[in-house]
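Quick mapping for you: the protein sequence lines, in order, are chains A and B.
0 is the number of the first residue of the first sequence in numbering that gives the first Met the number 0; add one for each residue after it.
0 is the number of the first residue of the second sequence in numbering that gives the first Met the number 0; add one for each residue after it.
Heads up, the beta-carbon is just placed ideally off N, CA and C, and yes, glycines get one too.
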Amino acid sequence: MDRETLARLARLAQLELTPEEVGPALDDLSRIVALIDEMRAVDTRDATPLAHPLDADQPLRDDIATESVDRETYQDIAPATRQGLYLVPRVVE
Amino acid sequence: MNGDESIAALRRGLLDRRYSAVELTEHSLSRIAANETLNCFITIDPDGALAAAAAADSRIARGEAGPLTGIPLAHKDVFCTRGIRTTCASRMLANFIAPYDATVVSRLAQAGAVCLGKTNMDEFAMGSSNETSWFGPARNPWDSGRAPGGSSGGSAAAVSAGLVPCATGTDTGGSIRQPAAFCGVTGLKPTYGRVSRYGMVAFASSLDQGGAFARDAEDVAALLQVMEGHDPLDSTSTTAEPTAFDGSGSMTIGLPGEYWDDLDADMGAVLEAATRELEAAGHTLKTVSLPHTAAAVPAYYVIASAEASANLSRYDGVRFGYRAESPDNIDDLYRRSRAEGFGAEVKRRILTGTYALSIGYYDAYYLQAQRVRRLIRQDFLDTFDQVDVIAAPVTPGVAFPLGAVTEPVAMYRQDVFTIPASLAGLPAMSLPCGLLEGLPVGLQLIGPHFEEGRVLELGAHYQRRTDWHRQRPHIPLDTDGPREVSDAV
């Protein structure tokens, strides 16, 4: 784990790290990577990846609309809206 | 009433009209107020609780009481509650009011339970001490200088202190069992999918599971029967038959060497006394092996962090939650909202997950962790061919002092005994089995998938023969604290 990798991860995760946060984050992530590296030596040649703990498939329901989205209710909790739209800084000049 | 009664006892008291649901709720509210310094609650809802209690009294008067009518309860602040804020103990959601109830919340309300408020937790359920809460940690009622455990620490502490007879929690890698052990209460993480995750703020979707805390296994069983069952709103919720209690008699209990061999000597002595008690009760002990146990913590921190990094990408400062002031542009809005809204541990998990999922690392970390997960699950399946239930420690030691574990990896290793059952999706319970230096020790019982009934029955059998689950911490209202309401009841 180096500064460059950390900066790339922060960019991918849309997280801004302050200059004071970078040092401790490097230390912590280096230790975490050392921890997760402990499982790389396990022989898993005969094991297929397990995504669901019961090894179950996701059942599909019938494709029928069951509820409608009440826009006003959902936008009541938004930081900034106007006329049913979410407000963000200008993206296209 | 003294705050020590079981749900069953309170239900009898309500139906016999020895007290009303309103009086019971006032009693709980007064105990919460007298123990504010424990910081068990993020939000208390006296008005909503008293209104629900009055409705419960009407139902009782009409002879229409449900299984939990009038029973006070607290929800971990990870469950969405319509009209009451749901913070997940994060600045990100400090003012978030969900427009709907979680299925767990609506089912318990339907059964008549009275919700007193929302309990403290580690931020987004990421932590083992409650110290990552934006609202400051809940404190352990046995020693307020110690951690109540996490992430569901507020719920465990509230039940332990007798503020409420029961509470909900969630467990991703031990977040019900570890705080139950630290606070000396009974806590169950059901089989993955047993309880609906609808309205439960997502951390790691292939691991998260709702469950409950109460005084004893019988109360936990009563709560599970209300909470469990298929929910069309959660496609991962099971369609399996409800939990069955078939009065199973003598069981074979597996003791995995990987959990017991290197245990601290004092912890080992307390826990071995508990297994000897089970043996004396007519059960058979058998040494077993779960050979991939050591790989569980590393695999968990890959899978849980990867899923967390995906789940928490929804917090963007646009649709709900915290938004940074005066953003320069859209990226600045995202990055600063997330940087200011999330705490340090949440950021570590997101960065770890992003690393494990990034190009060049995906196979070595994420796929390898999923393969290890299959091996861990297979270890358990093989062992359950030989035994009915597995008994294990919950934690390596008793509740540690707040501030004592500062290094993230040292904190992660606290969950060494709870994570394997989480990866395998198994039901697992923590029940009080002794005291060490005046602090509770928990015994973990792990069952095969959907055999919650077996685990709860074995726990209830143990609790009929012991009184560790009745031991209570000394806290205000048990001695000379204010008694305004409880005197009247």
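- No Cβ of chain B is located within less than 7 Å of the beta carbon of A/A6.
- In this structure, DSSP gives B/Q385 a state outside helix and strand, which the three-state scheme calls coil.
- Against chain B, a Cβ distance below 7 Å from A/D27 picks out R347, P407.
- Counting only Cβ-Cβ distances below 7 Å, A/R2 has no contacts in chain B at all, with the closest Cβ about 13 Å away.
- Listed along chain A, no residue sits closer than 8 Å to B/D170 by beta-carbon distance, the nearest being about 13 Å off.
- Nearest Cα to B/R30 within the set B/P164, B/V103, B/R90: B/P164.
- Collapsing the DSSP output to three states places B/H74 in a strand.
- At least one CB of chain A lies nearer than 7 Å to the CB of B/L350.
- Sixteen is the threshold: since fewer than 16 other Cβ atoms of the shown chains lie within 10 Å of the Cβ of B/N1, the residue is exposed.
- Separation of the CB atoms of B/T169 and A/I31 is rounded to 23 Å, and the pair is thereby denied contact status at 8 Å.
- Runs of the alpha helix (DSSP H) lying entirely within the stretch 322-406 of chain B and spanning at least 4 residues, in chain order: 329-340, 343-356, 367-382.
- Under DSSP, B/Q443 takes part in a beta bridge, and its partners are B/A391, B/S429.
- By the 16-neighbour rule on beta-carbons within 10 angstroms, B/S236 is buried.
- Relative to the Cα of B/G441, the nearest Cα in the group B/P178, B/V103, B/K346 belongs to B/P178.
- Listed along chain B are S312, D315, D330, Y333, R334, R337, each with a C-beta nearer than 8 Å to that of A/Q13.
- Looking from the CA of B/P45, the closest CA among B/P392, B/T24, B/L37 belongs to B/T24.
- Under the Cβ criterion of 7 Å, A/P88 is counted among the residues facing chain B.
- At a C-beta separation below 8 Å, B/Q367 has these neighbours in chain A: M38, R39, V41, T43.
- The C-alpha of B/T36 is placed about 31 Å away from the C-alpha of B/R17.
- Looking at the DSSP output, B/P255 bridges to B/V287.
- Residues of chain A with a Cβ closer than 7 Å to the Cβ of B/I96 are, in chain order, I76.
- Taking the Cα positions, B/V388 is about 11 Å away from B/H448.
- In this structure, the beta-carbon distance from B/V77 to B/M199 falls below 7 Å.
- Assigned with DSSP and collapsed to three states, B/M125 falls in coil, not helix or strand.
- At the C-beta level, B/V393 and B/F379 stay beyond 7 Å of one another.
- Per DSSP, the unbroken alpha helix (DSSP H) holding B/V296 starts and ends at 295-310.
- The three-state secondary structure of B/Y197, taken from DSSP, is coil.
- DSSP places A/Q82 outside both helix and strand once states are collapsed to three, so it counts as coil.
- Under the Cβ criterion (8 Å, minimum of three pairs), the stretch 83-96 of chain B counts as touching the stretch 339-347 of chain B.
- B/G148 carries a coil assignment under DSSP once its states are collapsed to helix, strand and coil.
- When C-beta atoms of the stretch 258-275 of chain B are compared with those of the stretch 210-227 of chain B, fewer than three pairs fall below 8 Å, so the two segments do not count as touching.
- Look at B/F319: its C-beta is under 7 Å from a C-beta on chain A.
- For B/C182, the enclosing alpha helix (DSSP H) covers residues 176-182.
- With contacts defined by Cβ atoms closer than 7 Å, B/G253 and B/T382 form a contacting pair.
- Using a CB distance cut-off of 7 Å, A/T72 counts as an interface residue toward chain B.
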